[in-house]
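Colleague:
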Amino acid sequence: NLTHSRSSGGSLGRPRPHPSKTPQRLEKTPPTCPECNKSFKHQSALVIHMRSHTGERPFVCPDCGRGFSFKHNMMRHQYVHTG
């Protein structure tokens, strides 16, 4: 049983689809690197990628002070100190 009214924007004789049945087309542009135009699905991936351009090395080995762009690389490096 469909009801229509002018105040809801519906036209008489034409049922409007329920909002949950309408496909959502949110055309968002993906996060894109301003240096090389590479695009990413998530903003966090772009932040990590930017380290390749800036040379930032936020993860520092506590034993020798060597810096790394990625935490997993620093953790792998730490094996050189433990044998």
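Note that the working numbering has the sequence shown beginning at 117, numbered continuously upward. We put the CB at the ideal spot given by N, CA and C, even for glycine. Small disclaimer: the values here were computed from a predicted structure and weren't measured.
(1) Can you tell which of F184, P178 and P131 has its C-alpha closest to the C-alpha of I164?
(2) Cα separation between F202 and S168?
(3) What span of residues does the alpha helix (DSSP H) with T170 cover, start to end?
(4) Let me know the secondary structure DSSP gives T148 once reduced to three states.
(5) Is the Cβ-Cβ distance between S159 and P178 less than 8 Å?
Modeller: In short:
(1) Selection F184, P178 and P131 evaluated against I164 yields F184 as nearest (Cα-Cα).
(2) Nothing about residue 202 can be reported from this structure: the residues present for the chain run from 117 to 199 only.
(3) First-last of the alpha helix (DSSP H) with T170: Q159 to T170.
(4) T148 falls in the strand class under three-state DSSP.
(5) In the sequence as presented, Ser is not what sits at residue 159; that position holds Gln. Result no, Cβ atoms of Q159 and P178 do not sit closer than 8 Å.
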